[in-house]
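Engineer:
Numbering (our numbering), first residue to last: 678 to 746.
(1) Cα-Cα, which of 728, 713, 696 is closest to residue 721?
(2) DSSP three-state call for residue 727: helix, strand or coil?
(3) Using a 10 Å radius around the Cβ and a threshold of 16 neighbouring Cβ atoms, would you call residue 702 buried or exposed?
(4) Look up residue 714 in the DSSP assignment and give the residues it is bridged to.
(5) Can you round the beta-carbon distance between residue 727 and residue 689 to whole angstroms, since I take them to be within the 8 Å contact cut?
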């Protein structure tokens with residue numbers, strides 16, 4: 678099972694940039710990979726060890742609001 682589900686808010690370990698997990702790639706014995714949309718507008722693929730939760734107090738998820746219609 679992946680550490681960061683789709684919609685998780687994560688940060689890259691090399692800096693303070695935050696982003697949302699768009700896709701999760703679990704491939705048998707291979708490392709779990711994540712496709713992340715960063716706050717600066719870029720998208721990139723990272724393995725689990727390169728990411729951490731954006732908020733250390735508790736995991737955060739990105740939710741889109743439902744239409745009132």
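Backbone N, C-alpha and C fix where the C-beta goes; we use that ideal spot for every residue, glycine too.
Predicted model only: the values in this text are computed from it and were never measured.
Structural biologist: So, to answer that:
(1) 713
(2) helix
(3) exposed
(4) 697, 720
(5) 6 Å
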